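Engineer: To start, I am sharing the structure in question, which I have written as structure tokens.
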Amino acid sequence: MADLAAVEKLYQKAIKNTKSGQKDGLPLRDLLEKILPTLEAGECARTLSYDEEELKLLKGFQLLTIKPVLYVANVSEEGFSDNPHLDVVTDFSKAEGSQVVAICADIEAEISELDLEEKQEFLSEMGQSESGLDRLIKSGYALLGLRTYFTAGVQEVRAWTINAGDSAPQAAGKIHGDFEKGFIRAETIAFDDFIQYVGEKGAKEAGKLRSEGKDYIVQDGDVVHFLFNV
Numbered sequence: 001m002a003d004l005a006a007v008e009k010l011y012q013k014a015i016k017n018t019k020s021g022q023k024d025g026l027p028l029r030d031l032l033e034k035i036l037p038t039l040e041a042g043e044c045a046r047t048l049s050y051d052e053e054e055l056k057l058l059k060g061f062q063l064l065t066i067k068p069v070l071y072v073a074n075v076s077e078e079g080f081s082d083n084p085h086l087d088v089v090t091d092f093s094k095a096e097g098s099q100v101v102a103i104c105a106d107i108e109a110e111i112s113e114l115d116l117e118e119k120q121e122f123l124s125e126m127g128q129s130e131s132g133l134d135r136l137i138k139s140g141y142a143l144l145g146l147r148t149y150f151t152a153g154v155q156e157v158r159a160w161t162i163n164a165g166d167s168a169p170q171a172a173g174k175i176h177g178d179f180e181k182g183f184i185r186a187e188t189i190a191f192d193d194f195i196q197y198v199g200e201k202g203a204k205e206a207g208k209l210r211s212e213g214k215d216y217i218v219q220d221g222d223v224v225h226f227l228f229n230v
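Quick note: the sequence shown uses full-length UniProt numbering, first residue 1, plus one each step.
This is the structure in structure tokens:
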């Protein structure tokens with residue numbers, strides 16, 4: 001209801017502006033005309049498709065129903081398949097362009113008390129490759145357009161959250177503004193290579209360490225060492 005009231009108010013203002021000869025207001029008016037019927041029908045604005053220009057305009061609206069939604073369904077150990085309740089939630093989410101992640105809270109509670117080796121063995125017995133919590137985190141990141149890269153020093157390994165499409169200097173700026181301003185290059189190792197060759201030394205010896213410049217788009221899981229000068 002709040003979105004409907006806000007869009008109706010914006011629409012009336014847009015009509016007045018276009019009538020007064022403000023042609024640059026036409027795209028806004030057309031967009032509001034597109035959204036109004038959907039909101040009046042009690043549906044969410046995110047169910048519609050938008051082009052790039054419309055998305056730019058939408059950012060200024062702060063509509064609640066345009067925000068992405070992720071549904072989390074708590075099911076029993078046997079409830080991941082042949083579950084009519086889960087099917088209903090899944091069908092509903094698909095209709096509005098959302099996503100569902102099914103997890104079993106009881107299983108997650110058990111997993112949280114296991115060490116890494118026991119956890120992997122437990123998941124294997126369950127026929128799963130990763131925990132529900134891991135799937136939930138990945139789905140949330142994907143929904144929000146986020147990525148993770150790592151810095152790995154002698155004393156500390158840290159994960160940094162960036163936006164999908166961020167360049168190496170932008171990613172460096174998440175650590176400190178000086179890293180972005182004085183960016184020189186990024187010594188980068190893909191996550192799988194870092195694990196396979198047991199760290200930076202092994203990856204470097206295997207020729208898996210790359211020197212990337214300012215136009216490099218940081219990939220999910222990259223292990224990065226930034227060189228900078230200010």
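All C-beta atoms, glycine included, are put in the ideal place defined by N, C-alpha and C. Given the structure is predicted, the values throughout are model-derived calculations rather than measurements.
1. Once the 5 residues before and after F226 are set aside, which same chain residues still bring their CB inside 6 angstroms of it?
2. On a Cα-Cα basis, can you pick out the residue from L57, A105 and T38 that is closest to L26?
3. Within 10 Å of its beta-carbon, does V88 have 16 or more other beta-carbons around it, so buried, or fewer, so exposed?
4. Check whether the Cβ atoms of K181 and V224 sit closer than 8 angstroms, and answer yes or no.
5. I'd like the list of long-range same chain contacts for Y50, defined as Cβ closer than 7 angstroms, with 5 residues on each side in sequence excluded.
6. Is it true that the CB of P68 sits closer than 8 angstroms to the CB of L133?
7. Which residue marks the beginning of the beta strand (DSSP E) containing F189, and which one marks its end?
8. Just to confirm the assignment, what range does the alpha helix (DSSP H) spanning N83 have?
9. Where does F92 land, buried or exposed, given buried means 16+ other C-beta within 10 angstroms?
10. Where does N17 fall in DSSP's three states?
Structural biologist: Looking at the atomic coordinates:
1. For F226, where only same-chain residues beyond five positions count, the Cβ hits under 6 angstroms are A172, F179 and A186.
2. Checked all of L57, A105 and T38; the closest Cα to L26 is L57.
3. Label assigned to V88: exposed.
4. When the beta-carbon positions are compared, K181 and V224 stay at least 8 angstroms from each other.
5. Its chain contains L58 as the residues whose beta carbon lies nearer than 7 angstroms to that of Y50, once the 5 sequence neighbours on both sides are disregarded; these appear in chain order.
6. In this structure, P68 does not lie closer than 8 angstroms to L133 by Cβ.
7. Position check: residue 189 holds Ile in this sequence, whereas Phe was assumed. For I189, the enclosing beta strand (DSSP E) starts and ends at F183 to I189.
8. Unbroken run through N83: none, as it is neither H nor E.
9. F92 comes out exposed.
10. N17: helix per DSSP, three-state reduction.
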